[in-house]
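Asker: A single structure is presented below for examination.
Residue numbers (my numbering): 69 to 390.
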């Protein structure tokens, strides 16, 4: 509590404030000391006539002047006390209004998510809501800068792993060489996603991110990469859907779009990520994903619905993903 709030506590009556009584006591004490000194050194007797009162005013002008200082000082104190009371009332009204905004925002957000195709993905809507809108209790529905930075850094690392996956094209002859690196890249990205899911209250089991990629087997099941990519895409779609709930423009859209400007030795706009995945019968299954469709490079605000189904259908047509 600041000194001003401590001295002029709005929860107390004006005449219960210690500073008021201390001021009155000090100035009143100075007046008494000066008045007693004048009386002691003067030869006075009581005179109730006009001449006697005029003499009193004349001789006691200085102590009376000191005493009169109480009038402006007390007036300033009273004004400051009223100001603190007004500030307290405004703050309480703002807090009450912010709480009402939070409750209404949460209610509408729950309806918004439950009415969407992503309702089974978000396990704890309130956790998801508060993780995205950390300042909503202060009346702001802008996504917190720390949250945006966290998501941005997560997407950067995921994107780097996608680049690694692209470089590890596991054909029949290269499988034994690259299987460990491939598994590390997939599991590393899974771990990044699991951390984000936990913080956002998202049910990771829906994404089935614990699919096993064996190092002992002579092949990697085709869905371990292809189906996983579609689930990463679904997560991006969920975030875009949730972010669109903001009533005002949010820079996270632009943060996501800025991923297209990040290059790791090749043109991200033109390069396709190709996974050459070995099936158990040693025949080769080629599954191609365009990063632009996955919304990692530019997650466009419009036309997001149905991309996951299209992606799954495309993979099924090439490899029969289940």
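Note that the Cβ used here is the ideal one computed from N, Cα and C, for glycine as well.
Between the stretch 115-126 and the stretch 188-198, can you find at least three pairs of beta-carbon atoms closer than 8 Å?
Answerer: As far as the Cβ criterion goes, the stretch 188-198 does not touch the stretch 115-126, which means the pair count is below three.
Asker: Could you tell me which of 268, 226, 180 sits nearest to residue 260, measuring between CA atoms?
Answerer: Checked all of 268, 226, 180; the closest Cα to residue 260 is 226.
Asker: Where does residue 270 sit, in a helix, a strand or coil, going by DSSP?
Answerer: Residue state, collapsed to three classes: strand.
Asker: When the Cα atoms are used, what is the spatial distance from residue 132 to residue 101?
Answerer: Cα to Cα, the separation comes out at about 12 Å.
Asker: Pop quiz: residue 476 and residue 268 are said to be a contact at Cβ under 8 Å. What is the actual Cβ separation, rounded to whole angstroms?
Answerer: Residue numbering for the chain in the displayed model covers 69 to 390; residue 476 lies beyond these limits and cannot be assessed.
Asker: With respect to the alpha helix (DSSP H) encompassing residue 196, which residues constitute its N-terminal and C-terminal limits?
Answerer: It spans 193-200 - the alpha helix (DSSP H) in which residue 196 sits, taken as one unbroken run.
Asker: Report, in whole angstroms, the separation of the C-beta atoms of residue 10 and residue 207, which I expect to be a contact under 8 Å.
Answerer: A query on residue 10 cannot be resolved here, the shown segment of the chain reaching from 69 to 390 and no further.
Asker: Can you list, in chain order, the residues of its chain whose CB lies under 8 Å from that of residue 141, leaving out five sequence neighbours each side?
Answerer: Answer for residue 141: 91, 95, listed in chain order.
Asker: Leaving out five residues on either side along the sequence, give the residues of the same chain with a beta carbon under 8 Å from the beta carbon of residue 402.
Answerer: As displayed, the chain neither begins before 69 nor continues past 390, which places residue 402 out of reach and without an answer.
Asker: Measuring alpha carbon to alpha carbon, tell me which of 211, 256, 209, 99 ends up nearest residue 222.
Answerer: Of the listed residues, the one whose Cα sits closest to residue 222 is 256.
Asker: According to DSSP, residue 190 sits in a beta bridge with which residue or residues?
Answerer: Paired residues: 270.
Asker: Excluding the 5 residues flanking residue 155 on each side, which residues of the same chain have their C-beta closer than 8 Å to its C-beta?
Answerer: Cβ within range, chain order: 78.
Asker: For the alpha helix (DSSP H) that contains residue 314, what are its first and last residues?
Answerer: That residue, residue 314, is in no alpha helix (DSSP H); it is neither H nor E in DSSP.
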